[in-house]
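Going by numbering that gives the first Met the number 0, the first residue of the sequence shown is number 0, and it counts up by one from there.
We treat Cβ as the ideally placed atom computed from N, Cα and C, and that holds for glycine.
A quick note: this is a predicted structure, and the numbers were derived from the prediction, not measured.
Below: the structure, in structure tokens.
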Amino acid sequence: MKQLPEKIALDKAVHGQRLYQGSVEIQQMSRLLDLLADASGEVKFSIQFNRAAKVLGQAQVKVSADLPLICTISQKKFMFPVAVDSTIGFIDDLAYEDRLGVDMEASWVEEGWVKPLEIIEDELILAVPDAPFDESHSLADEEGIEVTEQVSNPFAVLNSLKEIK
């Protein structure tokens, strides 16, 4: 596929039910970079524009990538797999937000144009967890840390109350 256009005329894309697919480098997404460990990797995407009865149009957006994140526990880089399949409804007036279906996300349209790279980037930003955690890592993996199972008795507090009497 040729290079992804910077912006697309929404009415033409919707009326023509255009499909844009391919891949882009993560380093092209400046807002996403602040959340990542580095700018390596690429994102595969598919954006299928369609007509919609109640809004300006809609798009089926599929995005997949392995995002380099920093684990909040180990402070080590790990690859976080992301696979998004969502439906976006395009609006240019907040009053139209109520017209969106329950399974449809809103995307704001300015002057009839949409920016496909921003659509892809938005989906990835929403997929990044607030506190990234590498599930393959555990505290027992750390050198010098001994993890012991501590079982607390939920009735221990009652024993202390009994002794007060």
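Judging by CA-CA distance, which residue of the options is the nearest neighbour of residue i?
i	options	result
P80	L55, F132, I46	F132
V127	F77, D10, P115	F77
I119	V13, H14, G21, A12	G21
Q26	L125, D129, E117	E117
Quick check: residue i and residue j, are their CB atoms within less than 8 Å of each other?
i	j	result
W112	I46	no
W107	I87	no
P4	G40	no
Going by DSSP, what residues sit across from residue i in a beta bridge?
i	result
D65	P80
Q47	L18, Q59
I124	For I124, which the question treats as bridged, DSSP gives no partner whatsoever.
F132	BP columns for F132 are empty, so no partner.
To the nearest angstrom, how far is it from the Cα of residue i to the Cα of residue j?
i	j	result
V54	D102	14 Å
G15	Q74	47 Å
S63	A82	4 Å
S85	I72	30 Å
D37	L157	52 Å
A58	L93	18 Å
Using a Cβ-based criterion (distance less than 7 Å to any ligand heavy atom), does residue i qualify as near the ligand COA?
i	result
I69	This structure does not include the ligand COA; it has no bound ligands of any sort.
Kindly list the residues whose CB is nearer than 6 Å to the CB of residue i, restricted to its own chain and excluding five residues on each side of it in sequence; keep chain order.
i	result
Y95	V54
Considering only residues of the same chain and omitting the five flanking positions on each side of residue i, which have a CB-CB separation below 8 Å?
i	result
L18	S45, I46, Q47, F48
For chain D, is any of its Cβ atoms less than 8 Å away from the one on residue i?
i	result
L35	Within the model displayed, chain D is absent; a lone protein chain is all it includes.
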